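Position one of the sequence shown corresponds to residue 0 (numbering that gives the first Met the number 0), numbered consecutively onward. Note that the Cβ used here is the ideal one computed from N, Cα and C, for glycine as well. Being a predicted model, the structure only gives us computed values, none of them experimental. Data block below; observations after.
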Amino acid sequence: MKLRKLFAGDDAVSPVIGVILMVAITVILAAVIGTFVLSIGGDLQNNPPNAQFTFSQEDNGDLTMTHDNGDSVDVEKMSVTYDGSGSLGCQTDGGGSNEWSGSDAELTAGDSCTLDNGELTDGDTIRITWESDDGGTSATLAKYEY
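Right under this line is the structure:
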């Protein structure tokens, strides 16, 4: 008689199954959310900086580019080109007159560069472009028609 009562009583089975299901659901949700968050974090490195530049052309033809405000820009990921072909100075290595003033490896607000390059002619379009480390993302940060 006691044996029948033991097998007939299934009160303890439901709570155990419920706990196991809740733990499984929690683990699956944590894995999905973790994957989503980590994949977004990886994409942040490939997003272009939000930086504003201004250009001022002098009477003698020199062109000054100034980082006005916004995110800092890694100089190694940035290039200054005209009409998509020629690359212009504005380096940070101190190797010439065309270098960004006040910067080391990153441009911040207030950094500027004056191009005294004779290669520019009227109608040339100067572009400041940025490219991600893996080369998969690029953006034009500023452009100016000379």
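Report the three-state DSSP secondary structure of residue i (helix, strand or coil).
{"i": "Leu119", "result": "coil"}
{"i": "Ala104", "result": "coil"}
{"i": "Thr65", "result": "strand"}
{"i": "Thr136", "result": "coil"}
{"i": "Glu144", "result": "strand"}
{"i": "Glu130", "result": "strand"}
{"i": "Ser13", "result": "helix"}
Output the distance between the C-alpha atoms of residue i and residue j, rounded to the nearest integer angstrom.
{"i": "Ile32", "j": "Ser38", "result": "10 Å"}
{"i": "Cys112", "j": "Thr63", "result": "6 Å"}
{"i": "Asp67", "j": "Asn59", "result": "23 Å"}
{"i": "Tyr81", "j": "Leu28", "result": "50 Å"}
{"i": "Ile127", "j": "Thr34", "result": "35 Å"}
Name, in chain order, the residues that DSSP records as bridge partners for residue i.
{"i": "Phe52", "result": "His66"}
Which same chain residues, not among the five before or five after residue i, have their C-beta less than 6 Å away from its C-beta?
{"i": "Glu144", "result": "Thr124"}
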